[in-house]
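Student:
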Amino acid sequence: MDKSVLLVDDEVGILKALTRLLTRSGYSVKVAQSGEEALNVLLNYDCKVVLTDFRMPYMDGGELLSKIKRLYPDIVGLVLSGYSDFESVKSLLNAGSAYRYLQKPWEDEELTKELAHAFMHYDQQLFQRQSQKMLLVSPDALLEISHPCKITQANIAARKLLGSAVIEGRSFDEFLVEPDRVRWQEQTLTVGQSMSIRLLNHTELEVSCRLACPSGVILCLNPVTDVELLNTAFELPSLLNYQQLISVISQYINSGHSAVLVVIKIRSFELWSRMIGYSEAQRTIEDIALLLCNSMGAQGQLALLANEQFVLFLPDVVSELDALQKTASIIDPVTGKVNLISSKLDYAVSYCLIPEDGDEPRTVLNNLLLGNLMMAEDPVRMFMRYDQQAIERKKHQISLNQALYHAVKQRQLFLHFQAKFDFAKYSLSGCEALIRWQHPEFGMVSPALFIPLAEQHGQMVDIGYWVLKTAFITAAKWRVEGIHFGKMAINISGRQLMEPDFIHWIKHHIQLTGVEPTDLEFELTETFLLNNLEDCAITLKAIAALGISIAIDDFGTGYSSLSYLSKLPINVLKIDRSLVLDIESNLNTESLVANVVRLAHDLNMKVVVEGIETLDQLNIVKSLGCDVVQGYCISKPQSEEEYLALLTSFESLSATMT
Ligand code: C2E
Ligand code: MG
Ligand code: MG
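The sequence shown begins at 1 in the UniProt record's numbering and counts up by one.
#1: So Leu142 and Phe175 are in contact, right, with Cβ under 8 Å, and what is the actual spacing, rounded?
#2: Measure the C-alpha to C-alpha separation of Ala390 and Glu270 and round it to an integer number of angstroms.
#3: Mapping the DSSP letters down to three states, classify Phe442 as helix, strand or coil.
#4: Since Ile550 sits in a beta bridge, which residues does DSSP pair it with?
#5: Between the alpha carbons of Phe442 and Gly464, how many angstroms are there, rounded?
#6: Report yes if the C-beta distance between Leu312 and Ile330 is below 8 Å; otherwise report no.
#7: Measure the C-alpha to C-alpha separation of Leu78 and Ser28 and round it to an integer number of angstroms.
#8: State the Cα-Cα distance for the pair Glu63 and Phe421, rounded to the nearest angstrom.
#9: Which residues end up in the neighbourhood of ligand 3 when you take C-beta atoms closer than 6 Å to any of its heavy atoms?
#10: Go ahead and pull the three-state DSSP assignment for Cys209.
#11: Going by DSSP in three states, Ser196 sits in which element: helix, strand or coil?
#12: Given Trp184, which residues of its chain have a CB within under 7 Å of its CB, disregarding the five upstream and five downstream residues?
#13: What is the rounded straight-line gap between the Cα of Gln193 and the Cα of Leu592?
#14: Quick check on the burial criterion: 16 or more other C-beta atoms within 10 angstroms. Buried or exposed for Thr648?
#15: Could you work out which residue in Ile634, Leu136, Leu205, Ser566 is closest to Leu603 when comparing CA atoms only?
#16: Please report how far the alpha carbon of Ser91 lies from the alpha carbon of Ser97, in whole angstroms.
#17: Closer than 7 Å to a non-hydrogen atom of ligand 1 - does that hold for the CB of Gly464?
#18: What number of angstroms, rounded off, separates the C-alpha of Gln128 from the C-alpha of Val50?
#19: Using 8 Å as the threshold, is the C-beta distance between Leu415 and Ile435 below it?
#20: Based on the DSSP secondary-structure assignment, which residues constitute the bridge partners of Trp437?
#21: With hydrogens ignored, establish whether the beta-carbon of Glu432 is closer than 7 Å to any heavy atom of ligand 2.
#22: Should Ser429 be counted as a contact of ligand 1 given a C-beta to heavy atom distance under 7 Å?
#23: Evaluate the contact criterion for the segment 535-542 versus the segment 572-584: three or more CB pairs, one atom per stretch, below 8 Å.
#24: Helix, strand or coil for Lys3? Go by DSSP, reduced to three states.
#25: Just checking my contact of Glu392 with Leu353 at CB under 8 Å: how many whole Å lie between their CB atoms?
#26: Between Val334 and Ser295, how many whole angstroms is the CB-CB distance? I'm expecting something under 8 Å.
#27: Do Ile548 and Phe522 have their CB atoms nearer than 8 Å?
#28: For Ala233, collect the residues of the same chain with a Cβ closer than 7 Å to its Cβ; drop the 5 residues on either side in sequence, then sort them by chain order.
#29: For Asn367, which residues of its own chain have a beta-carbon under 6 Å away from its beta-carbon, when the five flanking residues on both sides are left out?
#30: Using alpha carbons as the reference points, say which of Asn94, Ile543, Leu205 lies closest to Asn241.
#31: With distances taken Cα to Cα, identify the nearest neighbour of Leu624 among Val597, His601, Ile634.
#32: Short of 6 Å in beta carbon distance, which residues of its chain neighbour Leu18, apart from the five on each side in sequence? Order them along the chain.
#33: Among Gly611, Leu533, Gln402, Asp616, whose alpha-carbon lies nearest the alpha-carbon of Leu130?
#34: Does ligand 1 have a heavy atom nearer than 7 Å to the CB of Asn367?
#35: Hey, would you say the C-beta of Glu523 is under 7 Å away from at least one heavy atom of ligand 5?
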């Protein structure tokens, strides 16, 4: 994939000469003799650059590159043609469908140089597209920096942090205090690395690199001290900032003493401050800081950091019990005293022991703060010791999210297929295509983990189109091979459905791949449909008009209301596994499922039950009138070969039955 190029020309001699030249220069080359053939090759071949002739029968180079631009916007197109075509190519160049025009006959050196530029242009474009997405969807403060230091883009959170609306074009180091400016200029961050710096307005930041390409990086700015809060809210000279806290912890670690660090966060503070106003919320923080200071006396020190996190540093604890007793004696008198709009405040408190839980001050503190933020989102936990494993899980999730940006391009995704069994036909009536992600370092990652991440962080649309394209190609191939597989169900995420180009993309790819729309079923989750009923109705109708069947997935995990469904062109209702888990032992579950089946049949829908693992469960749902089952009892999700073998064995089984 790294240096992959597709050559298109109707003259075989030219293709041969170019292939020789380019393979010698280290490129991986595919060829096509017409525009049609090129589009077919691209269905299975992820390449970065297409070099095409202009004059070709049926589809000329212009039409081909315009189509490629629509279908694969990342691919860089080059035209290699005679001088007389220049006028026609000009409009392509102007429309952005072609990147460069190269003249026939070509100079080898010149051509390879232009090709190298085209590859650089590809990386640059991809970086910009990914960066745009990140900046749009991420709640973190993000900056796009072009080398060496120029800010090219910033999101709202970053503008707020840097304290300026207009920052594009300025140098990032302008915003830093003098010593950090020099440190910054000396260091080049790579993806995953971070460093701490201080802004001119004294905000301390942990800066990490999210994405990099040869010409620039995306930086994430994470404030560790909220100076605005410190300055405006109160004048407590004993209050520490991040840097001071780090040096206090270092001193203790170096002198071999033990200590406890406690982080306290008010739950849902963001929400509270929106409701009661920012200044009132700040006054509350001030009250709490004062109370904590008084309650702590000379026992330790207090810091106030970003995200309204208070940190108590209590030195010389002799045991965990001692640490807990000291902490409780300081916090208890405070928690009952401060109310917000006469509601009792709820706190998330986490602590760690030094040196047992770590002896590198910055890492210990950062991990503790991260753990406390995670805990504040969990309404059940109140008081918890630093949990290294939970932090590692969270960090793993963050790394997964980074890696997900490259999963499609690096061919780490593939599909598995899970069979569906139809009671009436007594045979397999279709399958569900389920995505799998094999990462070289993380191993096999479950879609239950990465699909929600992709939805949250903007990679879902690319991944979704990859799934659709791969499923279409597979279904079309099976039909050509005469395999009777029924319908292939494909999961469609809500994000995909909202893409303005979705229906157009589907129509185009039906045509390109030759897939039969009636061989397809789209699965959409109940929760998404319910929340976006009006917007979805039009798209669903367009899908149905193409002949693609529509299923509601995970029915029973949301509101489980059927009345709204009658307005939509739904063909299938898939009852979620969680709804039938206890069907063998719980009569209420049985009658619930029976009711759902009756209602669905009244609305002319077929009912599929998911996650059926045992024969008993299978017999019960059959007796309740369900039409189709999907679950380990029939088969687990399998590779294409395994699934086709299963299909064959079922075919011979039903042949012997009839
Ligand atoms: P889903 O669409 O409800 O898919 C069914 C899930 O239940 C699959 O998990 C399947 O392996 C699992 N399953 C099936 N039968 C049984 C059973 O008998 N017992 C148990 N314990 N589990 C069973 P998987 O493959 O891990 O997928 C999880 C979810 O990830 C899917 O739930 C779907 O929401 C999402 N997903 C998977 N592939 C795609 C995709 O290509 N696109 C989108 N947007 N989402 C996908
Ligand atoms: Mg599904
Ligand atoms: Mg499901």
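Ideal Cβ positions, reconstructed from N, Cα and C, are used throughout, including at glycine. Predicted model, so just to flag it, every value in this text is computed and none were measured.
Tutor: According to the structure data:
#1: Not really, about 15 Å apart at Cβ, beyond 8 Å.
#2: About 24 Å.
#3: The DSSP-derived three-state label of Phe442 is coil.
#4: According to DSSP, which records beta bridges pairwise, Ile550 is partnered with Phe522.
#5: A direct Cα-Cα distance of roughly 21 Å separates Phe442 from Gly464.
#6: Remark: C-beta atoms of Leu312 and Ile330 approach each other more closely than 8 Å.
#7: In this structure, the CA atom of Leu78 is about 16 Å from the CA atom of Ser28.
#8: If you draw a straight line from the Cα of Glu63 to the Cα of Phe421, it is about 45 Å long.
#9: With 6 Å as the limit between CB and the heavy atoms of ligand 3, the residues that fall short of it are Asp553, Asp554, Lys574, Asp576, Glu610.
#10: Strand at Cys209.
#11: Three-state DSSP puts Ser196 in a strand.
#12: Asp173, Leu176, Ile197, listed in sequence order.
#13: Gln193 and Leu592: Cα-Cα distance of roughly 53 Å.
#14: Thr648 is exposed by the Cβ-count criterion.
#15: Per the Cα distances, Ser566.
#16: Their backbone Cα atoms lie some 9 Å apart in a straight line.
#17: Flag set: Cβ of Gly464 near ligand 1.
#18: Taking the straight line joining both Cα atoms gives about 20 Å.
#19: For Leu415 and Ile435, yes; Cβs fall inside 8 Å.
#20: Per DSSP, Leu413, Val445.
#21: Ligand 2 approaches Glu432 closely enough that one of its heavy atoms is under 7 Å from the residue's Cβ.
#22: Ser429 Cβ: outside cutoff for every heavy atom of ligand 1.
#23: These segments do not touch.
#24: Here Lys3 sits in coil by DSSP.
#25: No, Glu392 and Leu353 are not in contact; Cβ-Cβ is about 18 Å, not under 8 Å.
#26: The C-beta distance from Val334 to Ser295 rounds to 6 Å, short enough to meet the 8 Å contact threshold.
#27: In contact: Ile548 and Phe522 (Cβ atoms closer than 8 Å).
#28: Note on Ala233: pLDDT 48, under 50, position unreliable in the model; no value is reported.
#29: So the list reads Ile391, once near-sequence residues are dropped.
#30: Nearest C-alpha to Asn241 among Asn94, Ile543, Leu205: Leu205.
#31: Ranking the options by Cα distance to Leu624, first place goes to Val597.
#32: Setting aside the 5 residues that flank it on each side, Leu18 is surrounded in the same chain by Leu7, each with a C-beta closer than 6 Å to its C-beta; the list follows chain order.
#33: Per the sequence shown, residue 130 should be read as Gln rather than Leu. The residue with the shortest Cα to Cα distance from Gln130 is Gln402.
#34: No.
#35: Here the bound small molecules are ligand 1, ligand 2 and ligand 3; ligand 5 is not part of this structure.
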